[in-house]
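*Asks:* Sharing a structure, written as structure tokens. Questions coming.
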Amino acid sequence: MKIAENARQVLIIGGGPAGLATALILAKRGFLNITVLEKRPSANYYEPDKSFNYLIDGRGQKLIDYIEITDKLVQNGVSSTDFYLTKIESNGNRKTLKLPIVDPNRKAAFWITRQTFVGLLYEEIQNNWQNCINIVFNSKCIQIEKNTDGEDKLEKIQVTAEIDNSQNQQFQPFLLVGCDGINSIVRNTLKKWDDSPSSKFEMKYFPSPSSGLKYKILTLPPKFPLDENGEELSNSEMAYAIRSKLKDKSNKISLGLLPVKNTDEVRSANIITKPNHNIWKLKDGKEMHYFLNKSFPQLPMQKIVSLQEAERFAASGGGEFPIPQYCNRFYSKLSDEAFIVLLGDAIHSFPPDLGQGVNSALEDVCTLNEALEKSKNNLSEALPLYESARLPDTKALIRLMQVGYPWQYNQAPLRKKLWSVNFLLRLALSKLLPFAFSPPAFFLVQNHQLSYSEILAKAERTTRILHIIIIGIVLGLLSSSLV
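Counting in the working numbering, the sequence shown runs from 93 upward without gaps.
What follows is the structure in structure tokens.
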């Protein structure tokens, strides 16, 4: 059945990057009645614990180009081709480095805060698509049911949402889109409806050295002082790595700040530790303030972090890096009047090691758009096309997350050194013998012209060749010792 330029309702659960991007591609394809349910009270709502910085690379920019907001990304982001990092040691020594460009021919990526990026998508909707996209803030989906009514006896979807923490509203969409994250109510409902012994909507989990690490985000003021006199201020477009004076593993932390374009925007300092770190035991603002001052004597922390922020930071439970995971089914068709599709973290989730969270989600949306194009908006054809095109790359991405760069957080210094040796060996061999060896997966992921499946195939081919070489060397040594 062809679905095009009609007024039947599309309901999107989740108004983050994946949800708003999906709304935009559907509007551009002629869908006229699109509602987005978003739990936050506004598009620019600031949540300290979710004040992430995205690096939108060429993979994510395919979608940005399609919805025609590339110029706004450039205006509001910091280019990766002009990326500087200042390391501030505990003794006050500073060193500024221009991070090397892996491939000068690669499309520039852009650092942008989550709040700003969501704001760009929302602005595009308000300026050009508000006649067909309605965003309901401060709303959450509380129940999804299927029912059969009317003379046609076709199964339909009924969604109940709570609006403004009070009234309930019901929707009966012909297309329900789940962009509601790792704990997706849409996916969990589909799993509950699936009668098979092993549901394809059940998440499959794969261990990673970085999963289980905890993070907190400390909010710093814009242009915070770097010295007691306030004569030198931080640069918004500069990344910072600030080292702790405390060196024992229970107290040692680092502050990591990524660049922002807006000079008046607050800075987010990421702190990533093991769950048993002492910072998680500090629940009092004064204790936290004392700990931060003791950790970073090279900065005027009393002037940078207010007691109010220290209290908020101490009370925050932070977050935890998830185990790499994905499900095997991305859609469901109940009838010709009821379709459900999943995108983003609802189908795959993982730690931020390779910076592919938002990029993979935007690529999901791009793949769905391509499937709709091929099928001329026929959902019965488009959704299977979307799943068959995206599932292999999703599986490959989860495997890449296990091996890409999981030791970067210093959670196990010896393992990080061993990983670094392997990394440098692959990099050197790829330059000496590029026909036989591929660069490390960490570099390959940054090439948006390669799919995740192609990247994994290249990485595994290099691994096989290295194994053969090592086995050959061992056998050679054994045979020579027997002579």
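Cβ atoms here follow ideal geometry from the backbone N, Cα and C, with glycine treated the same way.
(1) Within this structure, are the beta carbons of V278 and Q262 separated by less than 8 Å?
(2) Please list, in chain order, all residues of the same chain as F413 whose beta carbon is under 6 Å from its beta carbon, the five residues on each side excluded.
(3) Is there a C-beta anywhere in chain D that falls below 8 Å from the one on T173?
(4) Spatial neighbours of E461 within its chain, please: CB distance less than 6 Å, with the 5 preceding and 5 following residues excluded, ordered by chain position.
(5) Please report the residue range of the beta strand (DSSP E) in which Q261 lies.
(6) Mind checking which residues open and close the alpha helix (DSSP H) that includes M295?
(7) Restricting to runs no shorter than 4 residues, where is the alpha helix (DSSP H) found entirely within the segment 181-209?
(8) Does the segment 166-175 come into contact with the segment 317-326, if we say contact requires no fewer than three beta-carbon pairs (one atom in each stretch) closer than 8 Å?
(9) Just the C-alpha distance for E97 and K187, rounded to the nearest angstrom, thanks.
(10) Within 10 Å of its beta-carbon, does L325 have 16 or more other beta-carbons around it, so buried, or fewer, so exposed?
(11) Give me the residue from S182, R151 and A200 with the minimum Cα distance to D174.
(12) Report the CB separation of G270 from A438 in whole angstroms; it is logged as a contact under 8 Å.
(13) In chain order, what residues of the same chain lie with their CB nearer than 6 Å to the CB of E455, ignoring the 5 residues before and after it?
(14) Please report the straight-line C-alpha distance between S571 and W499, rounded to a whole angstrom.
(15) Is the Cβ-Cβ distance between Y176 and M330 less than 8 Å?
(16) Using a Cβ-Cβ cut-off of 6 Å (strictly less than) and excluding sequence neighbours within five positions of T240, which residues of its own chain qualify?
(17) Can you tell me whether V210 is buried or exposed, with buried defined as 16 or more other CB within 10 angstroms of its CB?
(18) Can you give the Cα-Cα distance for L510 and Y497, rounded to whole angstroms?
(19) Taking the alpha carbon of D256 as the reference point, which residue from S276, P531 and C233 has its own alpha carbon closest?
(20) If you compare alpha carbons, which of Q207, L124 and R132 is closest to N354?
(21) Out of curiosity, what's the CA-to-CA distance linking K296 and V397?
(22) Does F123 come out as helix, strand or coil in the three-state DSSP assignment?
(23) Using alpha carbons as the reference points, say which of E379, L268 and A453 lies closest to A407.
(24) By DSSP, does Q394 sit in helix, in strand, or in coil?
(25) How would you label F293, buried or exposed, when you count the other beta carbons within 10 angstroms and need 16 or more for buried?
(26) Out of Y214, N125 and T114, point me to the one whose CA is closest to A463's CA.
(27) Under a three-way DSSP split, which group does Q538 fall into?
(28) Shortest alpha-carbon distance to P367 belongs to which of G411, V352, I227 and S472?
(29) Quick one: what's got a C-beta closer than 8 Å to I562's C-beta in the same chain, skipping five residues either side?
*Replies:* Short version:
(1) As a position in the sequence shown, residue 278 is number 186, starting the count at 1. As a position in the sequence shown, residue 262 is number 170, starting the count at 1. For V278 and Q262, no; Cβs fall outside 8 Å.
(2) By 1-based counting over the sequence shown, the position of residue 413 is 321. Counting only Cβ-Cβ distances below 6 Å, and skipping sequence neighbours, we find S302, S303, L305 and P443.
(3) Of the chains in the structure shown, none is chain D; there is only one protein chain.
(4) Along the sequence shown, read from residue 1 onward, the residue named residue 461 stands at position 369. Note on residue identity: the sequence assigns Asn, not Glu, to residue 461. I117, listed in sequence order.
(5) Translated into positions along the sequence shown, residue 261 becomes position 169. First-last of the beta strand (DSSP E) with Q261: Q259 to F263.
(6) On the sequence shown, residue 295 is found 203 positions in, with the first residue counted as 1. M295 -> no alpha helix (DSSP H), and no H or E assigned at all.
(7) none
(8) no
(9) On the sequence shown, position 5 is the one that residue 97 refers to. On the sequence shown, position 95 is the one that residue 187 refers to. Its pLDDT being 42, under 50, E97 is placed unreliably in this model, and the value from its coordinates should be taken loosely. Taking the straight line from one Cα to the other gives about 57 Å.
(10) Here residue 325 is taken as the residue at index 233 of the sequence shown, counted from 1. L325 should be labelled exposed.
(11) Start at 1 with the first residue of the sequence shown, and residue 174 comes out as number 82. Considering only alpha carbons, the answer is A200.
(12) Within the sequence shown, the letter at position 178 stands for residue 270. Within the sequence shown, the letter at position 346 stands for residue 438. Their Cβ separation, rounded to whole angstroms, is 5 Å, which keeps G270 and A438 in contact under 8 Å.
(13) Taking the sequence shown and counting its residues from 1, one reaches residue 455 at position 363. Around E455: R151.
(14) Start at 1 with the first residue of the sequence shown, and residue 571 comes out as number 479. Start at 1 with the first residue of the sequence shown, and residue 499 comes out as number 407. Their Cα atoms are separated by approximately 36 Å.
(15) Counted from its first residue, the sequence shown places residue 176 at position 84. Counted from its first residue, the sequence shown places residue 330 at position 238. Cβ distance < 8 Å, so Y176 and M330 count as in contact.
(16) Counted from its first residue, the sequence shown places residue 240 at position 148. Contacts found: E247.
(17) In the sequence shown, the residue the question calls residue 210 occupies position 118. It is buried - the Cβ of V210 has at least 16 other Cβ atoms within 10 Å.
(18) By 1-based counting over the sequence shown, the position of residue 510 is 418. By 1-based counting over the sequence shown, the position of residue 497 is 405. Those two C-alpha atoms are separated by around 12 Å.
(19) By 1-based counting over the sequence shown, the position of residue 256 is 164. Closest by alpha carbon: C233.
(20) Here residue 354 corresponds to residue number 262 of the sequence shown, with the count starting at 1. With distances taken between Cα atoms, N354 lies closest to Q207.
(21) Here residue 296 refers to the residue found at position 204 of the sequence shown. Here residue 397 refers to the residue found at position 305 of the sequence shown. Distance between the alpha carbons of K296 and V397: 41 Å.
(22) Residue mapping note: residue 123 aligns to position 31 of the sequence shown, counting from 1. In this structure, F123 counts as coil in the three-state DSSP scheme.
(23) Translated into the one-based positions of the sequence shown, residue 407 becomes position 315. Nearest option by C-alpha distance: E379.
(24) As a position in the sequence shown, residue 394 is number 302, starting the count at 1. Looking at Q394 - three-state DSSP - the assignment turns out to be helix.
(25) Taking the sequence shown and counting its residues from 1, the one referred to as residue 293 is at position 201. It counts as buried.
(26) Residue mapping note: residue 463 aligns to position 371 of the sequence shown, counting from 1. Ranking Y214, N125 and T114 by Cα distance to A463 puts T114 first.
(27) In the sequence shown, counting from the first residue as 1, residue 538 sits at position 446. In this structure, Q538 counts as coil in the three-state DSSP scheme.
(28) Position 275 of the sequence shown, counting from 1, holds the residue named residue 367. Selected option, being the one with the closest Cα: G411.
(29) As a working note, residue 562 is residue 470 in the sequence shown. If we look at I562 and ignore the five residues flanking it on each side, it has no Cβ neighbours.
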